[in-house]
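Peer 1:
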Amino acid sequence: MVQKKKKAAPASKARKPKRDAEKKFGKKTNMSEFRAQLDSIGVKIVEVTADGNCFFRAMGDQLEGDEEQHMKYREMVVQYIVKHREEFEPFIEDEVPFDEYCDSMMKDGTWAGNMELQAASLVTRRNICIHMLNSPRWYINNFSGREATNMVHLSYHHGEHYNSVRLTEDTCQGPAIPVVIKTDANVASASINSQTKVKDVEKSSQRSTYDHTSVKLVMAGTGCSNVAVVEHVLEEMDGDVATAIEYMIAERLSLGSDDADGDIYMNYACNGYYYAWVNSKMDGSSV
Numbered sequence: 005m006v007q008k009k010k011k012a013a014p015a016s017k018a019r020k021p022k023r024d025a026e027k028k029f030g031k032k033t034n035m036s037e038f039r040a041q042l043d044s045i046g047v048k049i050v051e052v053t054a055d056g057n058c059f060f061r062a063m064g065d066q067l068e069g070d071e072e073q074h075m076k077y078r079e080m081v082v083q084y085i086v087k088h089r090e091e092f093e094p095f096i097e098d099e100v101p102f103d104e105y106c107d108s109m110m111k112d113g114t115w116a117g118n119m120e121l122q123a124a125s126l127v128t129r130r131n132i133c134i135h136m137l138n139s140p141r142w143y144i145n146n147f148s149g150r151e152a153t154n155m156v157h158l159s160y161h162h163g164e165h166y167n168s169v170r171l172t173e174d175t176c177q178g179p180a181i182p183v184v185i186k187t188d189a190n191v192a193s194a195s196i197n198s199q200t201k202v203k204d205v206e207k208s209s210q211r212s213t214y215d216h217t218s219v220k221l222v223m224a225g226t227g228c229s230n231v232a233v234v235e236h237v238l239e240e241m242d243g244d245v246a247t248a249i250e251y252m253i254a255e256r257l258s259l260g261s262d263d264a265d266g267d268i269y270m271n272y273a274c275n276g277y278y279y280a281w282v283n284s285k286m287d288g289s290s291v
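Sequential numbering of the sequence shown, starting at 5, is according to this note's numbering.
#1: Going by DSSP in three states, Met110 sits in which element: helix, strand or coil?
#2: Quick check on Ile249: does DSSP put it in helix, strand or coil?
#3: Lys203 to Phe59, Cα distance in whole Å?
#4: Give me the Cβ distance between Phe95 and Met119, rounded to the nearest whole Å; I'm assuming they're in contact under 8 Å.
#5: Does the beta-carbon distance from Leu67 to Thr128 come in below 9 Å?
#6: Do you know offhand how far Ser258's Cα is from Glu72's?
#7: Note the first and the last residue of the continuous alpha helix (DSSP H) segment covering His74.
#8: Whole angstroms is fine: what's the gap from Glu37's alpha carbon to Met252's?
#9: For Met223, which option in Tyr143, Ala40, Ser44, His165 has the closest C-alpha, if you only look at C-alpha atoms?
#10: Would you call the CB atoms of Ser168 and Glu90 closer than 9 Å?
#11: Compute the distance between the beta-carbons of Arg170 and His162, then report whether it is under 9 Å.
#12: Evaluate the contact criterion for the region 76-87 versus the region 101-119: three or more CB pairs, one atom per stretch, below 8 Å.
#13: Please name the residue in Pro101, Met110, Gln177, Thr172 whose C-alpha comes closest to that of Gly69.
#14: Looking only at its chain, what residues have a beta carbon closer than 8 Å to the beta carbon of Ala179, apart from the 5 residues adjacent to it on each side?
#15: Thinking just about the alpha-carbon of each residue, which of Lys48, Gln41, Asp112 is nearest to the one in Asp55?
#16: On a CA-only basis, which of Asn230, Ala232, Thr226 is nearest Thr247? Give me that one, please.
#17: Taking the C-alpha atoms as reference points, what is the distance between Tyr166 and Ala232?
#18: Do Glu173 and Ile185 come within 9 Å of each other at the CB atom, strictly closer than that value?
#19: To the nearest angstrom, report how far apart Leu42 and Pro101 are at their CA atoms.
#20: Curious, which full-length alpha helix (DSSP H) runs of at least 4 residues does the region 108-159 contain?
#21: Can you tell me whether Val50 is helix, strand or coil according to DSSP?
#22: Just verifying my parser: in three-state terms, what is the DSSP assignment at Ser44?
#23: Am I right that Glu235 and Val219 are in contact with their C-beta atoms under 8 Å? What's the rounded C-beta distance?
#24: So the beta strand (DSSP E) His165 belongs to, where does it begin and stop?
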């Protein structure tokens, strides 16, 4: 099991290491294994330039078939964050002023983080599926129904580089051909269920410590549709959204869970002031 993060003093949140745009990206180690893993589900890795713009380059390849459009997507994402300042400003790390953060993110070569992935999903109105070597897929899931069908598919390498993922038969001329993986339909369904659960919780509980934006960001970043789980993890992580997402993903991997059937997180029982993990995965019933 992944060790729980200890609560820090209120004045200091846990911080992720800063990314260095000068680092070497796109390591080739295990690339053949990664390619074989994706080949088994009918998709392939399409490499993009490793220059700090990789996430935006991969988005350009997915949506236009042209990674050189990376600045266009960077600007779209940053402008969305600026326009929705109240939703994103609380999650900027290291006490960096909002305007300074956005100015830095607008610059060529600045790495994208969890906040940019969420904003990219919202501004392009696409859910995002991120493939990782020997790990369950990670879904940034904001839309359901027809909007959930054209999902962006990316691969994530060594915690530092994104590539584009396309169907094996895709000639890479123009936007990516839609990829349909069996569990993607379950993810879209989970989105509807999560929206219903949020409304139910709002009606039945007045004890929510965290604002809906924090909860929704964690739910989108982890694919977890259980509001009680998300709120509890946010409490354990002192409200730090990025740390909560990373913890939940790591916890999921340590449990050996797969993503074969809907919400892959364990059931979470909530009864008044008592919270307990229940050692069984979701069987399709609501909590």
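Beta carbons: idealized from backbone N, C-alpha and C, even for Gly.
Peer 2: Looking at the atomic coordinates:
#1: In this structure, Met110 counts as coil in the three-state DSSP scheme.
#2: The three-state reading of DSSP puts Ile249 in helix, counting H, G and I together.
#3: Confidence at Lys203 is low in this model, with a pLDDT of 45, below 50, so its placement is unreliable and the value that follows should be read with caution. Taking the straight line from one Cα to the other gives about 33 Å.
#4: Between Phe95 and Met119 a beta carbon distance of about 6 Å is seen, short of the 8 Å cut, so the two are scored as contacting.
#5: Yes, these two residues count as a Cβ contact at 9 Å.
#6: With a pLDDT of only 48 at Ser258, under 50, the local geometry of the prediction cannot be trusted, and the value read off the model is given with reservation. Near 37 Å, if we compare the C-alpha coordinates of Glu72 and Ser258.
#7: In the DSSP assignment, His74 falls within the unbroken alpha helix (DSSP H) covering 74-87.
#8: Approximately 25 Å between the Cα atoms of the pair.
#9: With distances taken between Cα atoms, Met223 lies closest to Tyr143.
#10: At a Cβ-Cβ threshold of 9 Å, Ser168 and Glu90 do not count as neighbours.
#11: No. Outside cutoff.
#12: Contact holds: three or more Cβ-Cβ distances are below 8 Å.
#13: Looking at the Cα atoms, Gln177 is the closest of the given residues.
#14: The displayed chain sequence assigns Pro, not Ala, to residue 179. Within the same chain, Cβ atoms closer than 8 Å to the Cβ of Pro179 are found at Gln66, Leu67, Glu68, Gly69, the five residues on either side in sequence being excluded.
#15: Residue Asp112 holds the alpha-carbon nearest to the alpha-carbon of Asp55 among Lys48, Gln41, Asp112.
#16: Residue Thr226 holds the alpha-carbon nearest to the alpha-carbon of Thr247 among Asn230, Ala232, Thr226.
#17: If I take the Cα positions, the gap works out to 31 Å.
#18: Not a contact, by the Cβ cut-off of 9 Å.
#19: Cα to Cα, Leu42 sits roughly 40 Å from Pro101.
#20: Qualifying alpha helix (DSSP H) stretches, in chain order: 118-128.
#21: Strand, per DSSP.
#22: Residue state for Ser44 is assigned as coil, using DSSP reduced to three classes.
#23: The beta carbons of Glu235 and Val219 sit about 6 Å from each other, so the pair counts as a contact at 8 Å.
#24: It spans 165-171 - the beta strand (DSSP E) in which His165 sits, taken as one unbroken run.
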